[in-house]
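Undergrad: Sending over a structure as structure tokens; questions will come in a sec.
Numbering (the working numbering), first residue to last: 1382 to 1493.
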């Protein structure tokens, strides 16, 4: 069983002390967030790791990140090997690359 009071205190403390949330204005309380959370914590570890790495790189002072758009997952892999730190992948383009019809569909997971 989860301790919602402790979760509320930890979340509230993180919002106040973590520089990531500086300047964020919320019209709700930590308790409101805890009350609508799922009882099972879902983790997306690879996505979280990539997002944290990008966030860190984007917030380095006096540095910029060059990026390109990839047309396929394979092209993105080659860009990483070439040293790019950020890549844009279009959901529609990657969806077209991954379906047998080779057709670009709206990214709604409605592929043949």
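Ideal Cβ positions, reconstructed from N, Cα and C, are used throughout, including at glycine.
1. Please state whether DSSP places residue 1452 in a helix, a strand or coil.
2. What whole-angstrom Cβ distance do residue 1389 and residue 1412 have, given they're in contact under 8 Å?
3. For a quick check, are the C-beta atoms of residue 1449 and residue 1465 less than 8 Å apart?
4. From the DSSP output, read off the bridge partner residues of residue 1467.
5. Please return the same chain residues whose Cβ sits closer than 8 Å to the Cβ of residue 1436, not counting the five positions on each side in sequence.
6. In angstroms, rounded to a whole number, what distance separates the CA positions of residue 1439 and residue 1417?
TA: Concretely, from the data shown:
1. Here the question's residue 1452 lines up with position 71 in the chain shown. It is coil, neither helix nor strand.
2. Locating residue 1389 in the chain shown gives position 8, where the first residue counts as 1. Locating residue 1412 in the chain shown gives position 31, where the first residue counts as 1. Going by Cβ atoms, the distance from residue 1389 to residue 1412 rounds to 5 Å, so yes, they are a contact pair.
3. On the chain shown, residue 1449 is found 68 positions in, with the first residue counted as 1. On the chain shown, residue 1465 is found 84 positions in, with the first residue counted as 1. Yes, they are a contact pair.
4. In the chain shown, residue 1467 corresponds to position 86, counting from 1. DSSP, once it has assigned bridges, lists 1448 as partnering residue 1467.
5. Reading the chain shown from its first residue, position 55 is the one you call residue 1436. So the qualifying residues of the chain are 1401.
6. For the purposes of this step, residue 1439 is identified with residue 58 of the chain shown, where counting begins at 1. For the purposes of this step, residue 1417 is identified with residue 36 of the chain shown, where counting begins at 1. If you draw a straight line from the Cα of residue 1439 to the Cα of residue 1417, it is about 30 Å long.
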